[in-house]
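These notes are about the structure you will find just below.
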Amino acid sequence: MGDSYTDKQLVERVQQGDKKSFDLLVLKYQNRIIKLVSRYVRDQSDAQDIAQDAFLKAYRALPNFRGDSAFYTWLYRIAINTAKNYIVSLSRRPAEARIENADGEKLDLDELQKDIATPENVLLADEIKQTIIEAMNKLPEDLRVAITLREVDGLTYEEIAEAMDCPIGTVRSRIFRAREAVDTKLKPLLEH
Amino acid sequence: MHIEQEVLSAAIDGDHDAASDQVLQGIAGQEITRDCWARYHLIGDVLRDGLVDVASKDFSQRLRTQINDEPTIVSPRKRSSSYRRPLAGLAIAASVAAIAIIGVGRIAPESPTPARIAVSPDITLATPAQPQFVARPEIPPAISPAPLVEATPALYSQRRLNGYLVKFNEQRSSVGIPGVNPYVRIVGFETE
Amino acid sequence: MSAIKTRCLLCLVVAISVPSGAVVAQDGAAVELMRAMASATERLNYDGMFIYQREAQIDSMRIVHKYSNGLERERLISLSGPEREVVRDGARVTCLFADDREVMVEKTEPRNFLALGISEPIGNLVKSYSFNIVGHDRIAGRPTSLVSILPKQPNRYGYQLWIDEEFKLLLKSVILNRSGQLLEQVQFVQIQIDHEIPDHLLATKIEGSEFTWHINDAADNSASKVVETSGWSVKWLPTGFYMRNHKVQSMSETNMPVSHMVYSDGLAMVSIFVEQLAESAEPLQGYSSMGAVNAFSRVSNAHQITVVGEIPLPTVRQIASSVEYH
Chain A
25 MGDSYTDKQL VERVQQGDKK SFDLLVLKYQ NRIIKLVSRY VRDQSDAQDI AQDAFLKAYR
85 ALPNFRGDSA FYTWLYRIAI NTAKNYIVSL SRRPAEARIE NADGEKLDLD ELQKDIATPE
145 NVLLADEIKQ TIIEAMNKLP EDLRVAITLR EVDGLTYEEI AEAMDCPIGT VRSRIFRARE
205 AVDTKLKPLL EH
Chain B
5 MHIEQEVLSA AIDGDHDAAS DQVLQGIAGQ EITRDCWARY HLIGDVLRDG LVDVASKDFS
65 QRLRTQINDE PTIVSPRKRS SSYRRPLAGL AIAASVAAIA IIGVGRIAPE SPTPARIAVS
125 PDITLATPAQ PQFVARPEIP PAISPAPLVE ATPALYSQRR LNGYLVKFNE QRSSVGIPGV
185 NPYVRIVGFE TE
Chain C
191 MSAIKTRCLL CLVVAISVPS GAVVAQDGAA VELMRAMASA TERLNYDGMF IYQREAQIDS
251 MRIVHKYSNG LERERLISLS GPEREVVRDG ARVTCLFADD REVMVEKTEP RNFLALGISE
311 PIGNLVKSYS FNIVGHDRIA GRPTSLVSIL PKQPNRYGYQ LWIDEEFKLL LKSVILNRSG
371 QLLEQVQFVQ IQIDHEIPDH LLATKIEGSE FTWHINDAAD NSASKVVETS GWSVKWLPTG
431 FYMRNHKVQS MSETNMPVSH MVYSDGLAMV SIFVEQLAES AEPLQGYSSM GAVNAFSRVS
491 NAHQITVVGE IPLPTVRQIA SSVEYH
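Chains as they are written, first to last, in the numbering used here: chain A, 25 to 216; chain B, 5 to 196; chain C, 191 to 516.
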């Protein structure tokens, strides 16, 4: 994917002492890593904690990252290992009061309580998804196609230019305008 | 530095001009551009994955605080070259076949009757000989034992033979004497 | 056992003439033992160190193998030379090379110990080999039964297997050519069997997260694409060899599909590859020999034909010469 160039640039900047560039990497991958880690734990806030941990581990290991593989691949593995270690450490916790649910699965009392209160960000996530999808549907077709080819199919600007039979500059502009249009609806949701 | 939103969008997509050090530094340096960066990536996450786990608002903030306490990386790495490493299977093959192809360390180039020979560049095929069951596979008279240096095949050819050896070995786990671990040949290695 | 003693044993076995009716019975006991060995290899926990010898080279390795809940896991560790490991978790194989800083992740063929040599009808096997339990020996401090497998047909190697009497694991194996000379040998020097194996022994110690990762999970195409590379056939094979598998794979360096035909007589295996030569490709020609594995390559009709097998080199050459296009 074209954006691995950007990752490379950012990684090198961090390796040269620029912590803020690591911030950009976090902002880029935070949702994906949380989603990845959520497979391993039930609780959302645990997932976020593990994700934090994973990013921190990645930062610490970054001096040794040689850049031969993609940054995300490397980060991915760290996240999985972090999640697994977390689960292993969980199993060592002293047995707490356990309740079985209808399927015979044992539930932790603490977890039960957490599940009852729906986390705020789950509601927000649904709303975000809806907003983005609606905004996408309202886009003019050339903008929608351009951003879909980029984000969903992972094509580079060159490939999209070929697919849509237009100059690269047009591709760049269309993708930006698509993002801008969707962002207009998205921004108010996230700023409160 | 003022970052045009369109430049930010292009930087996300790995556009070489846009994803320059200057621009990335600019994006990382202001909250407003960081937020935009995060939102544009969120759009991509939703388009790609549908369901999304949204990082809580303070996720990156918490991380930033922790990383600020971390030592700054002061060991700049050289930009890695874009040399392509061998693809899957070949590196295994390289180890498996290294001694067969190169015969390093065990056959002196001047040795008149090498126990094994590297791939010779030029073969005249004799008529298929009667199967001979000699103690060591001898070099049939039609093939002159070229000195090892000349006979070393181009790296490309060598790798292809390695590729065949790996594929042969992969089948081994389903054929033949069970009990002998097929990966023993892969782990066995000769130092140069 | 020394080489001389081995040869005498071989001569002894060959010299025994057995009435035909008793042949199968005698083979039968040995083959049964091998079936038990196959099962033990999969189903038992074991942890041991062994040497792997191939001509003048000896490597020492350790294997840890665990079977639980129907899942087989194992880890093979080099103890000499560069640090390398192969970790298998079911069908997923990860090879780690510490010195090269590379990790390969592959899918293995299903460990089909039920095929070939084991579920192979004994009638087929005895056409090509005679199987005999010829004696007893001590390996890694444990009593073993020695199974001798002698080729009855030309063009293949012989084997000797030392099988643990208690657990039926293979503790030593050698591949011999017809003169009784040793081509490859694997021998345990120490082993613990059927005990609890903690999971951490199956986890690699090589810290590979910063290595280059190559992940090859793609399934190879099999029968459906075979038709495309047909037109090539193998005209000659040693007696008793039948096709076991035919798949189309791709070589990493070229993107050409390569037709991979696997033949076996139940024990020995040979692969025949036919690959269309890419324009810029330098053809591979010649042969190569590594322990009991021999390879030969030639070019025909703008195609690269390569034969790799655990059979003698002249045989590999003969097979390669017989691959034809019509």
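Glycine included, every Cβ here is placed at the ideal spot set by N, Cα and C.
Spell out the partners DSSP gives residue i in its beta bridges.
i, result
"His20 (chain B)", "Answer by DSSP bridge pairing: none, since His20 (chain B) is not bridged."
"Leu392 (chain C)", "Looking at the DSSP assignment, Leu392 (chain C) forms no beta bridge with any residue, so it has no partner."
"Asn55 (chain A)", "DSSP, once it has assigned bridges, lists no residue as partnering Asn55 (chain A)."
"Asn259 (chain C)", "DSSP lists no partner for Asn259 (chain C)."
"Gly476 (chain C)", "C:Ser487"
"Phe321 (chain C)", "C:Ile339"
"Lys437 (chain C)", "C:His450"
"Arg198 (chain A)", "For Arg198 (chain A), which the question treats as bridged, DSSP gives no partner whatsoever."
Assign residue i to buried or exposed, taking buried as 16 or more other Cβ atoms, counted over all protein chains shown, within 10 Å of its Cβ.
i, result
"Gln154 (chain A)", "exposed"
"Lys171 (chain B)", "buried"
"Thr208 (chain A)", "exposed"
"Lys211 (chain A)", "exposed"
"Asp134 (chain A)", "Caution is warranted here: a pLDDT of 43 is assigned to Asp134 (chain A), below 50, making its placement in the model unreliable, and the coordinate value is therefore given only provisionally. Asp134 (chain A) should be labelled exposed."
"Pro388 (chain C)", "exposed"
"Thr505 (chain C)", "buried"
"Tyr477 (chain C)", "buried"
"Gly193 (chain A)", "exposed"
"Val35 (chain A)", "buried"
"Arg66 (chain A)", "exposed"
"Gly178 (chain A)", "exposed"
"Ser454 (chain C)", "buried"
"His493 (chain C)", "buried"
"Pro1 (chain B)", "This structure leaves residue 1 (chain B) out entirely; chain B is present only between 5 and 196."
"Gln382 (chain C)", "exposed"
"Ile339 (chain C)", "buried"
"Lys437 (chain C)", "buried"
Which residues in chain B sit within 7 Å of residue i, going by Cβ to Cβ distance?
i, result
"His450 (chain C)", "Lys171"
"Asn109 (chain A)", "Going along chain B, no residue has its Cβ under 7 Å from Asn109 (chain A), so there is no contact; the nearest lies around 18 Å."
"Leu214 (chain A)", "Arg43"
"Asp27 (chain A)", "Ile16, Asp17, Gly18"
"Gln439 (chain C)", "Lys171"
"Asn435 (chain C)", "Gln175"
"Ser423 (chain C)", "The contacting residues do not exist; Ser423 (chain C) stays about 16 Å from chain B at best."
In chain A, which residues lie with their C-beta within 9 Å of the C-beta of residue i?
i, result
"Gln9 (chain B)", "Phe200, Arg203, Glu204, Asp207"
"Glu74 (chain B)", "Lys43, Leu80, Tyr83, Arg84"
Within a Cβ cutoff of 6 Å, which residues of the same chain sit near residue i, ignoring the five residues on either side of it in sequence?
i, result
"Phe463 (chain C)", "Val448, His450, Thr496"
"Ala393 (chain C)", "none"
"Leu60 (chain A)", "Ala103"
"Leu48 (chain A)", "Leu34"
"Ser270 (chain C)", "Asp249, Ser250"
"Met459 (chain C)", "Glu500"
"Phe79 (chain A)", "Val50"
Could you tell me which chain C residues have their CB closer than 9 Å to the CB of residue i, listed as they occur along the chain?
i, result
"Tyr44 (chain B)", "Residues of chain C passing the Cβ test: none, with the nearest at roughly 28 Å."
"Ala85 (chain A)", "Ser399, Glu400"
Suppose the cutoff is 8 Å on Cβ atoms and the five residues either side in sequence are ignored; what does the same chain contact list for residue i look like?
i, result
"Val483 (chain C)", "Val498, Gly499, Glu500"
"Thr334 (chain C)", "His326, Asp327, Arg328, Trp352, Ile353, Asp354, Glu355, Leu361, Lys362"
"Gly91 (chain A)", "Lys32, Val35, Glu36"
"Leu503 (chain C)", "Tyr477, Ser479, Asn484, Phe486"
For residue i, return the contacting residues in chain B, with the cut-off set at a CB-CB distance below 8 Å.
i, result
"Val38 (chain A)", "Ile77"
"Ser62 (chain A)", "Asp57"
Along chain C, in chain order, which residues have C-beta atoms closer than 8 Å to that of residue i?
i, result
"Asn88 (chain A)", "Glu400"
List the residues of chain A that residue i touches, going by C-beta distances under 7 Å, in chain order.
i, result
"Arg189 (chain B)", "What Arg189 (chain B) touches in chain A: nothing, since even the nearest Cβ is about 26 Å away."
Whose Cβ in chain C lies nearer than 7 Å to the Cβ of residue i?
i, result
"Ile102 (chain A)", "Ser399"
"Val184 (chain B)", "Leu360, Ser363, Val376"
Going along the chain, which residues of its own chain have a beta-carbon closer than 7 Å to the beta-carbon of residue i, five neighbours each way excluded?
i, result
"Val11 (chain B)", "Ala22, Val27"
How would you list, in chain order, the residues of chain A whose beta-carbon sits under 8 Å from the beta-carbon of residue i?
i, result
"Gln70 (chain B)", "Gln76, Leu80"
"Ile31 (chain B)", "Leu48"
Is residue i close to chain E, meaning its C-beta is less than 7 Å from at least one C-beta of that chain?
i, result
"Phe463 (chain C)", "The structure shown has no chain E; the protein chains it does contain are A, B and C."
Residues of chain B with CB closer than 9 Å to the CB of residue i, please, in chain order.
i, result
"Lys172 (chain A)", "A small fix is needed here, since residue 172 (chain A) is Thr in this sequence, not Lys. What Thr172 (chain A) touches in chain B: Leu51."
So if I threshold CB-CB distances at 8 Å, which residues from the region 319 to 332 of chain C count as touching chain B? Answer in chain order: no residues at all.
Against chain B, which members of the region 249 to 283 of chain C pass a CB distance test of less than 7 Å? If the cut-off is 7 Å between Cβ atoms, the region 249 to 283 of chain C has Asp249, Met251, Ile253, Leu266, Ser268, Gly271, Pro272, Arg274, Val276 near chain B.
Can you pull out the residues from the region 178 to 194 of chain A whose beta carbon lies closer than 8 Å to at least one beta carbon of chain B? Correct list: Thr180, Tyr181.
Residues within the region 40 to 53 of chain A neighbouring chain B, beta-carbon criterion of under 9 Å: Within the region 40 to 53 of chain A, the residues whose Cβ lies closer than 9 Å to any Cβ of chain B are, in chain order, Gln40, Gly41, Asp42, Lys43, Lys44, Ser45, Phe46, Asp47, Leu48, Val50, Leu51, Lys52, Tyr53.
Taking Cβ-Cβ distances below 7 Å as the criterion, which residues of the region 223 to 242 of chain C are in contact with chain B? Met227, Ala228, Thr231, Tyr242
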